[in-house]
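**Q** Take this structure first; my questions come after.
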């Protein structure tokens, strides 16, 4: 397989359950298929031994990203710059975002990188993730993504309805 070769699966959570659990399994499977899949999660808040869990799964952790939803301007600026640099240098060719925070960072980094082969994918974990949101900002972000993964047919129908 020539593409993708290096996806980064991001979740702004310090938990190893919920969406993180699915992304860790996905990263493990992608690595088994020969891809250089890596995982990024909240490195600011204490969690549930996420690093140990990733090591056990054989999935490398991109620890330079902070991805904290406890938003501090310094962390957001750091992550935006770091992720843009990783994207610009070609370190990753897919940025897979589980939450809105990750998604915003991924879209910003992709725009800054100006690489036509870089893809941004958003996983919609909840129905609200595919709704318009205040000032339609969710739909704006989803429309700029290369793909939206939904976890149920109802979410897909809802997304299609909002797109008009």
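Numbering (my numbering), first residue to last: 59 to 222.
Even glycine gets a Cβ: it sits at the ideal position worked out from N, Cα and C.
In angstroms with no decimal places, state the Cα-to-Cα distance between residue 203 and residue 67.
**A** Here the question's residue 203 lines up with position 145 in the chain shown. Here the question's residue 67 lines up with position 9 in the chain shown. Approximately 15 Å between the Cα atoms of the pair.
**Q** Going by beta carbon distance, what residues of the same chain come within less than 7 Å of residue 102, once the five residues before and after it are set aside?
**A** Mapped onto the chain shown, residue 102 falls at position 44. These residues qualify, in order along the chain: 124, 126, 128, 133.
**Q** Bridge partners of residue 66, per DSSP?
**A** Reading the chain shown from its first residue, position 8 is the one you call residue 66. Per DSSP, 96, 153.
**Q** Report back the beta-carbon spacing between residue 181 and residue 155 to the nearest angstrom; my notes put them in contact at under 8 Å.
**A** As a first step, residue 181 is located in the chain shown; it is residue number 123 there, counting from the start. As a first step, residue 155 is located in the chain shown; it is residue number 97 there, counting from the start. With 8 Å as the limit, residue 181 and residue 155 qualify as a contact, their Cβ atoms being about 7 Å apart.
**Q** CB-CB under 6 Å to residue 59, same chain, minus the five flanking residues each way: which ones, in chain order?
**A** Counted from its first residue, the chain shown places residue 59 at position 1. Legend: pLDDT at residue 59 = 49, less than 50; position of this residue unreliable, no value from coordinates given.
**Q** Go to residue 180, then tell me how far its beta strand (DSSP E) extends in each direction, as first and last residue.
**A** Position 122 of the chain shown holds residue 180. Segment 177 to 182, the beta strand (DSSP E) holding residue 180.
**Q** Out of 99, 63, 200, 194, which one is the CA nearest neighbour of residue 80?
**A** Here residue 80 corresponds to residue number 22 of the chain shown, with the count starting at 1. Measuring from the Cα of residue 80, the nearest candidate turns out to be 99.
**Q** Of all the alpha helix (DSSP H) runs that stay within the bounds of the segment 100 to 143, which reach a length of 4 or more residues?
**A** The segment 100 to 143 contains these whole alpha helix (DSSP H) runs: 108 to 115.
**Q** Between which residues of its own chain and residue 104 is the CB-CB distance below 8 Å, once the five residues before and five after are set aside?
**A** Here residue 104 corresponds to residue number 46 of the chain shown, with the count starting at 1. For residue 104, same chain residues with a beta-carbon under 8 Å away, outside a window of 5 residues either side, are 72 in chain order.
**Q** Look at the Cβ atom of residue 145, then the Cβ atom of residue 167, and state whether they are nearer than 7 Å.
**A** Here residue 145 refers to the residue found at position 87 when the chain shown is read from its first residue. Here residue 167 refers to the residue found at position 109 when the chain shown is read from its first residue. For residue 145 and residue 167, yes; Cβs fall inside 7 Å.
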